[in-house]
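> Once you've had a glance at the structure underneath, I'll fire off some questions.
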Amino acid sequence: MQKVGTHLVVEAWQAPEEILNDPEQIRSALVEAVSAGGATLLNLCVHQFNPHGVTATATLSESHIAIHTWPEHGYFAADLFFCGKGDPHKAMQVLQRILGAKQVMIQEIDRGFPTTESSETSAKESIFA
Numbered sequence: 001m002q003k004v005g006t007h008l009v010v011e012a013w014q015a016p017e018e019i020l021n022d023p024e025q026i027r028s029a030l031v032e033a034v035s036a037g038g039a040t041l042l043n044l045c046v047h048q049f050n051p052h053g054v055t056a057t058a059t060l061s062e063s064h065i066a067i068h069t070w071p072e073h074g075y076f077a078a079d080l081f082f083c084g085k086g087d088p089h090k091a092m093q094v095l096q097r098i099l100g101a102k103q104v105m106i107q108e109i110d111r112g113f114p115t116t117e118s119s120e121t122s123a124k125e126s127i128f129a
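If you count the sequence shown from 1, position 86 lands on 86 in my numbering, and the numbers rise without skipping.
Encoded structure:
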């Protein structure tokens, strides 16, 4: 495979409800995660739902980070896709720390296209407590 990027699909649990329901905390966490990951922020959109929940997307030169929260369950889902420079793992470490998730599961997918040598794809899964 000719790898063009790394895609992290994240499940995170046991995060404080008040943080997951605060759009400014989510905004700040994304900005810090983008910086820690060595990416370039192009646009940031944050939306608060009623009665609870936040969805935010960071459009990057290197692709994107998206996060969706369910504060009432202490849960968030995140999607980090980096191509070119940057490290989505460093960005995710910041999100976990700031959002306070005590348990995180990360599925890592190499993104790209088949080459003549191989038509395989790669996925890895990790659980962190």
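Heads up, the beta-carbon is just placed ideally off N, CA and C, and yes, glycines get one too.
Given D87, which residues of its chain have a CB within under 7 Å of its CB, disregarding the five upstream and five downstream residues?
G37 and G38
> When you compare the CB positions of A101 and A33, do they come within less than 8 Å of one another, or not?
At a Cβ-Cβ threshold of 8 Å, A101 and A33 do not count as neighbours.
> Report the residue ranges of all beta strand (DSSP E) runs contained in full by the stretch 80–124; include only those spanning at least 3 residues, in chain order.
103–113
> Output the distance between the C-alpha atoms of C45 and S61, rounded to the nearest integer angstrom.
15 Å
> Between N43 and the rest of its own chain, which residues show a CB-CB distance below 6 Å, the 5 nearest in sequence each way excluded?
T59
> Suppose the cutoff is 6 Å on Cβ atoms and the five residues either side in sequence are ignored; what does the same chain contact list for T6 look like?
F82 and P88
> With respect to the beta strand (DSSP E) encompassing Q48, which residues constitute its N-terminal and C-terminal limits?
L41 to Q48
> Name the DSSP bridge partner or partners of I65?
A58 and L80
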